[in-house]
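So the first sequence is numbered by my numbering: it starts at 12 and just counts up by one.
To start, the structure under review is shown below, and the notes come after it.
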Amino acid sequence: MLTLQYQDPNTKARAGVLKTSRGELLTPFFMPVGTNATVKGVSNEDLLEMNSQLLLSNTYHLYLRPGMEVIKKFGGLHNFMGWEKPILTDSGGFQVFSLAKLRKITDEGVTFQSHIDGSRHFFTPELVVDVEGILGSDMIMPLDECAPYPCERKMAEESVRRTTLWARRSRKHFLANQREEKKQMLFGIVQGATFEDLRRQSAEEILNIGFDGYAIGGVSVGETVKEMFEAVEWVEPLLPREYPRYLMGIGLPDQIVRAVGEGIDMFDTCIPTRFGRHGTAFTRRGRVILRNAEFVDNEGPIDSECDCFVCQKYSCGYLRHLLNTGEILGLRFVSYHNVHFYLKLMRDIRQAIEKGRYSEFQKDFLGKYKVKE
RNA sequence: GGGGACGUGGUGUAGCCUGGUCAACAUGUCAGAUUGUCGAUCUGAAGAUCGCGAGUUCAAAUCUCGUCGUCCCCG
Numbered sequence: 012m013l014t015l016q017y018q019d020p021n022t023k024a025r026a027g028v029l030k031t032s033r034g035e036l037l038t039p040f041f042m043p044v045g046t047n048a049t050v051k052g053v054s055n056e057d058l059l060e061m062n063s064q065l066l067l068s069n070t071y072h073l074y075l076r077p078g079m080e081v082i083k084k085f086g087g088l089h090n091f092m093g094w095e096k097p098i099l100t101d102s103g104g105f106q107v108f109s110l111a112k113l114r115k116i117t118d119e120g121v122t123f124q125s126h127i128d129g130s131r132h133f134f135t136p137e138l139v140v141d142v143e144g145i146l147g148s149d150m151i152m153p154l155d156e157c158a159p160y161p162c163e164r165k166m167a168e169e170s171v172r173r174t175t176l177w178a179r180r181s182r183k184h185f186l187a188n189q190r191e192e193k194k195q196m197l198f199g200i201v202q203g204a205t206f207e208d209l210r211r212q213s214a215e216e217i218l219n220i221g222f223d224g225y226a227i228g229g230v231s232v233g234e235t236v237k238e239m240f241e242a243v244e245w246v247e248p249l250l251p252r253e254y255p256r257y258l259m260g261i262g263l264p265d266q267i268v269r270a271v272g273e274g275i276d277m278f279d280t281c282i283p284t285r286f287g288r289h290g291t292a293f294t295r296r297g298r299v300i301l302r303n304a305e306f307v308d309n310e311g312p313i314d315s316e317c318d319c320f321v322c323q324k325y326s327c328g329y330l331r332h333l334l335n336t337g338e339i340l341g342l343r344f345v346s347y348h349n350v351h352f353y354l355k356l357m358r359d360i361r362q363a364i365e366k367g368r369y370s371e372f373q374k375d376f377l378g379k380y381k382v383k384e
């Protein structure tokens, strides 16, 4: 359950506290993505230093490597990776959709070939819940069927039907096997692609089953930003206020600022670290591509308003050199700055909601932040 | 002194024998994409009057001669 503390008077933005067995999380929050039990280029110590409340990891990747026997021996993902704060694990539904080869989906489950070595695997909703039980993550996502984009109506209907079917089985298996000491939360995922009635139908079906939180999935698959926000606008009004809402895989800073205003509480995306590795940094004025020649002799920091250690100490000219020569330190520094930027943004968002001034914050942020067309 | 090989975008090469979209590929450079991960990948752009000069020809990076340069072998 989400304890709501603040409701912005002029937008749907809200702030609250989400209780997990590993501590309380202040919403809205952003989860740095640590697919392979590591947020790429950023250490746990870094994350603590920049006050990350939790992180996200991945069932699909960890199941394939190092495998569940190893995780079991370590007593779960937290011990394995040395992270004591909460973890949310994604189910693998999206990864099977986006990474695996030769996937074959039936109502029973999904057969796929590993993107690593081509080996064949079979995921069922029950297996995924079990795997996430071994991982011991605090919030877990059920196996869903992520529809592609663009998507024919018939296929979207099918993915809604199957996602609901799997959600029911996931919930049942979860309740039957949930151990009191773990106290995991299981989220429901709404699908429905770009169809309003299917989105609503999916939301109603998922709500009927009942979960500890609700996610909007099937976004960040190539659809337009407009379509993504339509999915939010269709589904959000149906979601109960006292449960956390999670917009999966989103988004760019301006998208997060907008989505919070639409009543979303939870976000994750690989963008800060991926863009960091590719040399793109985020600032309040928009993104900057540090590899660009204009930075070759720039002695200033990425963002003069940023208080992260990279901006305190290192110049754009030096960072560009590191990126240009392929030095790992460059990837790490920009990744650090970007994750720091996202986390600071979430704190600022929360503060604005607390003051009941979210619409002003939103207007101010979106005014300064240049979005590339 | 004698003989041989080679000179094509920043770099490394292909094309030459069998003249006919005046030029390809890799890499680098420049710019952009990247949304439940990707040190991946993709998309654009700029960049060579083919060492230089002359000749043959309707037409030369390509054939001939000269010249300059680099490298190798022999003395």
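The beta-carbon is built from N, C-alpha and C at its ideal position, and this holds for glycine as well.
Predicted, not measured: the structure shown is a model, and the values here were computed from it.
Item: Check for me: the alpha helix (DSSP H) holding P136 runs from which residue to which?; Value: 136–146
Item: G311 to Y347, Cα distance in whole Å?; Value: 17 Å
Item: Spatial neighbours of R164 within its chain, please: CB distance less than 7 Å, with the 5 preceding and 5 following residues excluded, ordered by chain position.; Value: F206
Item: Roughly how far, in whole angstroms, is the beta-carbon of E273 from the beta-carbon of K23, given that I think they are within contact range, below 8 Å?; Value: 5 Å
Item: Along the chain, where does the alpha helix (DSSP H) that runs through K379 open and close?; Value: 369–379
Item: Are T70 and V142 close, meaning C-beta to C-beta below 8 Å?; Value: yes
Item: Report all residues from its chain with a CB closer than 6 Å to the CB of H72; omit the five preceding and five following residues, and keep chain order.; Value: T46, N47
Item: Whose C-beta lies closer than 7 Å to the C-beta of H89 among residues of the same chain, with five residues either side of it excluded?; Value: E95, I98, G147
Item: Can you find the residues in the same chain that come closer than 6 Å, C-beta to C-beta, to F198, ignoring five residues on each side of it along the sequence?; Value: M152, F222, G224, A226
Item: Between I282 and the rest of its own chain, which residues show a CB-CB distance below 7 Å, the 5 nearest in sequence each way excluded?; Value: L263
Item: May I have the straight-line CA-CA distance separating T291 from V345, to the nearest angstrom?; Value: 8 Å
Item: Alpha carbon to alpha carbon, how far is V201 from L333?; Value: 42 Å
Item: What first and last residue would you give for the beta strand (DSSP E) that runs through N69?; Value: 66–69
Item: Give the range of the beta strand (DSSP E) segment to which F40 is assigned.; Value: 40–43
Item: Alpha carbons only, please: which of K84, Y160, R190 is nearest the one belonging to S32?; Value: R190
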